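Okay, so the sequence shown: first residue is 11 according to this note's numbering, each after it adds one.
A quick write-up on the structure given underneath.
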Amino acid sequence: DKDIAGTSDYLNNLYSSILEARDKNSKENNYHYFLAAILALNPVNGWEYRSQDQGVDGYSDFVLLSDEGDVIIIEEKNVKELREIPQARIEAFEQIEKLNYTLAYEELGIKDILKYAIVYCDHRAYISLKGL
């Protein structure tokens with residue numbers, strides 16, 4: 011579902027309970043594996059998730075697939091300063107398009123593909139849905 015605020019709150023509560031404020035060297039991979047663990051340990055009936063899903067020209071960070079043919083593509087970015095978030099969001103969405111992460115699903119006839127950017131900064135997740 012498209013509950014960006016609820017999802018952000020959930021992730022940020024988990025991040026703040028696990029990560030230390032003094033741990034300033036967290037890289038995108040740390041957040042990626044953390045989110046992968048959350049998805050793996052909290053399965054949703056009728057959905058499967060793929061980490062590092064192979065697209066046509068690269069690998070998306072995550073793809074979530076429903077039994078009903080819904081597709082969610084997630085691209086993650088990590089920045090050091092809040093002012094970098096808007097540009098990182100743009101880059102995440104551009105990467106989804108440029109590297110054709112949606113093409114294999116579009117060729118299967120799936121048209122409604124949700125594209126999310128998750129930008130991490132100071133142990134917080136800033137989630138955006140393309141088109142909102």
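Idealized CB from N, CA, C, for every residue including glycine.
Only a predicted model underlies this, so the values are computations on that prediction, with no experimental measurement involved.
Helix, strand or coil at residue i according to DSSP, with G and I counted as helix
i      : result
ASP19  : helix
ILE106 : helix
LEU45  : helix
LEU130 : Before going further, note that residue 130 is Tyr rather than Leu in the sequence given. TYR130 falls in the strand class under three-state DSSP.
TYR111 : coil
LEU124 : strand
ASN40  : helix
LEU118 : coil
LYS12  : coil
Anticipated Cβ contact below 8 angstroms, residue i with residue j, distance rounded
i      : j      : result
GLU85  : GLN105 : 6 angstroms
ILE111 : ILE83  : It should be noted that the sequence gives Tyr, not Ile, for residue 111. With a Cβ gap of about 5 angstroms, TYR111 and ILE83 count as contacting.
SER70  : TRP57  : That belief does not hold up - the Cβ atoms of SER70 and TRP57 are roughly 16 angstroms apart, past 8 angstroms.
ILE14  : ILE137 : 5 angstroms
VAL66  : ALA114 : 6 angstroms
GLY79  : ILE128 : At roughly 23 angstroms, the Cβ-Cβ gap does not stay under 8 angstroms, so GLY79 and ILE128 are not in contact.
Start-to-end residues for the alpha helix (DSSP H) that takes in residue i
i      : result
GLU136 : The amino acid at residue 136 is misidentified as Glu; the sequence shows Tyr. Note, TYR136: premise wrong, no alpha helix (DSSP H); beta strand (DSSP E) at 134-139.
Contact check, residue i vs residue j, beta carbons under 8 angstroms
i      : j      : result
VAL73  : ASP63  : yes
LEU139 : TYR130 : no
VAL89  : ILE123 : no
ALA135 : ASN22  : yes
Beta strand (DSSP E) segment containing residue i, residue limits
i     : result
ASP63 : 57-64
(message) I'd like the ranges of any beta strand (DSSP E) spanning at least 3 consecutive residues and lying wholly in the region 70-95.
(response) If we require 3 residues or more, the beta strand (DSSP E) runs fully inside the region 70-95 come out as 81-88.
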